[in-house]
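**Student:**
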Amino acid sequence: MSRNQISEINACFHKVLSECRVIDQFKKVIIIFKENEYVWTELKKVLEKYEVNTIMVRIPNEEKDINSWIPKRCENGLFFIEQLGFYEADLTIFGLPIDARDYIFQKRLHERFIELQTSGQPTIMIDWPPEDIESSLKELVSHLYIRALCADYSNVRTENERLKNWLNKGRAYRITTSNGTDILIKREERPIHTEDCLINKTNKSILQLPCGEVFFAPIEKASNGVLVTKVGKKKIEISIKNGVARFEDERFLKIPNESFLGEFGIGTNRSMAKLFSLSSGEKAYGTCHFGFGNNTDIGGQISTDYHYDIIIDEPTITILE
Numbered sequence: 001m002s003r004n005q006i007s008e009i010n011a012c013f014h015k016v017l018s019e020c021r022v023i024d025q026f027k028k029v030i031i032i033f034k035e036n037e038y039v040w041t042e043l044k045k046v047l048e049k050y051e052v053n054t055i056m057v058r059i060p061n062e063e064k065d066i067n068s069w070i071p072k073r074c075e076n077g078l079f080f081i082e083q084l085g086f087y088e089a090d091l092t093i094f095g096l097p098i099d100a101r102d103y104i105f106q107k108r109l110h111e112r113f114i115e116l117q118t119s120g121q122p123t124i125m126i127d128w129p130p131e132d133i134e135s136s137l138k139e140l141v142s143h144l145y146i147r148a149l150c151a152d153y154s155n156v157r158t159e160n161e162r163l164k165n166w167l168n169k170g171r172a173y174r175i176t177t178s179n180g181t182d183i184l185i186k187r188e189e190r191p192i193h194t195e196d197c198l199i200n201k202t203n204k205s206i207l208q209l210p211c212g213e214v215f216f217a218p219i220e221k222a223s224n225g226v227l228v229t230k231v232g233k234k235k236i237e238i239s240i241k242n243g244v245a246r247f248e249d250e251r252f253l254k255i256p257n258e259s260f261l262g263e264f265g266i267g268t269n270r271s272m273a274k275l276f277s278l279s280s281g282e283k284a285y286g287t288c289h290f291g292f293g294n295n296t297d298i299g300g301q302i303s304t305d306y307h308y309d310i311i312i313d314e315p316t317i318t319i320l321e
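For the sequence shown, the UniProt record's numbering assigns the number 1 to the initial residue and increments by one for each residue that follows.
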């Protein structure tokens, strides 16, 4: 990693921590990560510059099940990680290569994050390109990612509110694309959520960075149509009938063949490149995504131990009623 890129990462974290109001709120932070130690070392340097007591904990590379690395809140403000023991922190930061979809399907992982969220512990999840990305692309992808992470979040918040107000004019929508996606979904009176890209000591939500998304839980059993996506050059169709999607292609072996549509979201971060191999690719402006599986945390009724997103590029969204 070049000295210029290290400097770029450091400057990026200064900007992000300030804009998301981390600085001056939190004084004891734990960073839990698995890859890209040089990235989280720069984050630690920035935090310590602002006199934040920072612990770094690396998950072993051979560890496949990271459930035991999700902290549990105990009495007296203490937390517990099996491999670490008891510690004190007022902010938890996860730096994980979240493109690794295996994380999404591990039993109890989603519930563990929800438990941490409902405990009242402010939590930030920072997506970062994985270490095994092709070496010739690593610096370019990292640069594009840093640009997204350093977006002007005041503009993102403005875009989120504009889009939320527009969606609130309707209760049902049609989503189409030029390559064949055509699906009808209903929201009825369910709330529309936005990412405010802020965190504070009383905020019980999990902040994912980069930010930039407006989303809601569609009415169960009321979605019908077809999604068309690509994996490499292969075009894949996913049929949805009465809210249930059929995943028959081998690319989706880890998803139950029949899964409820649990989320519809729209990306609003204009600085995010369309890097669909990263979970934060769903934040890119000009995309929407359909989430399958658990949605109880956003107002839905689907309780599963997985959640999986399909990103759709350049959709046309029409209000039906």
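Here a beta-carbon is modelled for each residue, glycine too, at the ideal position from N, C-alpha and C.
Let me make sure I understand the geometry here. Which of Glu62, Glu63, Gly120 and His143 has the alpha-carbon closest to that of Ala273?
**Tutor:** The residue with the shortest Cα to Cα distance from Ala273 is His143.
**Student:** If you drop the 5 nearest sequence neighbours on each side, which residues of the same chain put their C-beta closer than 6 Å to that of Thr194?
**Tutor:** Result list for Thr194: Asn160, Lys164 and Val214, in chain order.
**Student:** Could you check where the alpha helix (DSSP H) with residue 330 kicks off and where it finishes?
**Tutor:** Since the displayed the chain opens at 1 and closes at 321, residue 330 lies outside it and no answer follows.
**Student:** Classify Ile104 as helix, strand or coil using the three-state DSSP reduction.
**Tutor:** With a pLDDT of only 46 at Ile104, under the threshold of 50, the placement of this residue in the model should not be trusted; the figure read from the coordinates follows. Correct three-state label for Ile104: helix.
**Student:** May I ask which residues mark the beginning and end of the alpha helix (DSSP H) holding Gln208?
**Tutor:** Note, Gln208: premise wrong, no alpha helix (DSSP H); beta strand (DSSP E) at Ile206 to Leu209.
**Student:** Would you mind sorting Ile310 into buried or exposed? The rule is 16 or more other CB atoms within 10 Å of its CB.
**Tutor:** Ile310 comes out buried.
**Student:** For the stretch 167-177 and the stretch 84-92, state whether three or more C-beta atom pairs, one from each stretch, are separated by less than 8 Å.
**Tutor:** The stretch 167-177 is not in contact with the stretch 84-92.
**Student:** Quick check on the DSSP output: the alpha helix (DSSP H) that includes Val46 runs from which residue to which?
**Tutor:** Start and end: Glu37 to Lys49.
**Student:** Report the three-state DSSP secondary structure of Arg21 (helix, strand or coil).
**Tutor:** Coil, per DSSP.
**Student:** Starting from the Cα of Arg58, find the closest Cα among Leu149, Phe113, Ala222 and Glu37 and give me that residue.
**Tutor:** Considering only alpha carbons, the answer is Glu37.
**Student:** Looking only at its own chain, which residues have a Cβ that is under 8 Å from the Cβ of His307, when we skip the five neighbours before and after it?
**Tutor:** If we look at His307 and ignore the five residues flanking it on each side, its Cβ neighbours are Ile104, His110, Gly262, Glu263, Gly291, Phe292, Gly293, Asn294 and Asn295.
**Student:** Thinking C-beta only, is Tyr145 closer than 8 Å to Glu129?
**Tutor:** The question names Glu, but residue 129 in the sequence shown is Pro. Cβ atoms of Pro129 and Tyr145: closer than 8 Å.
**Student:** Can the beta-carbon of Val22 be found closer than 8 Å to that of Ile199?
**Tutor:** It is a contact, given that the beta carbons lie within the stated cut-off.
**Student:** Could you compute how far the alpha carbon of Ile31 sits from the alpha carbon of Lys45?
**Tutor:** Their Cα atoms are separated by approximately 12 Å.
**Student:** Around the Cβ of Leu137, are there at least 16 other Cβ atoms within 10 angstroms (buried) or fewer (exposed)?
**Tutor:** Exposed, because fewer than 16 other Cβ atoms sit within 10 Å of the Cβ of Leu137.
**Student:** Would you decide whether Ile192 is buried or exposed? Buried here means 16 or more other CB atoms lie within 10 Å of its CB.
**Tutor:** Ile192 comes out buried.
**Student:** On the premise that Phe94 lies in contact with Ile126, defined as a C-beta separation below 8 Å, what is that separation, rounded to the nearest angstrom?
**Tutor:** Contact flag correct, Cβ pair sits at about 7 Å.
**Student:** State the DSSP-derived secondary structure class of Arg162, mapped to helix, strand or coil.
**Tutor:** Three-state DSSP puts Arg162 in a helix.
**Student:** How far does the beta strand (DSSP E) with Cys240 in it extend, from its first residue to its last?
**Tutor:** Checking the sequence shown, residue 240 turns out to be Ile, not Cys. Run containing Ile240: Lys234 to Lys241, per the beta strand (DSSP E) assignment.
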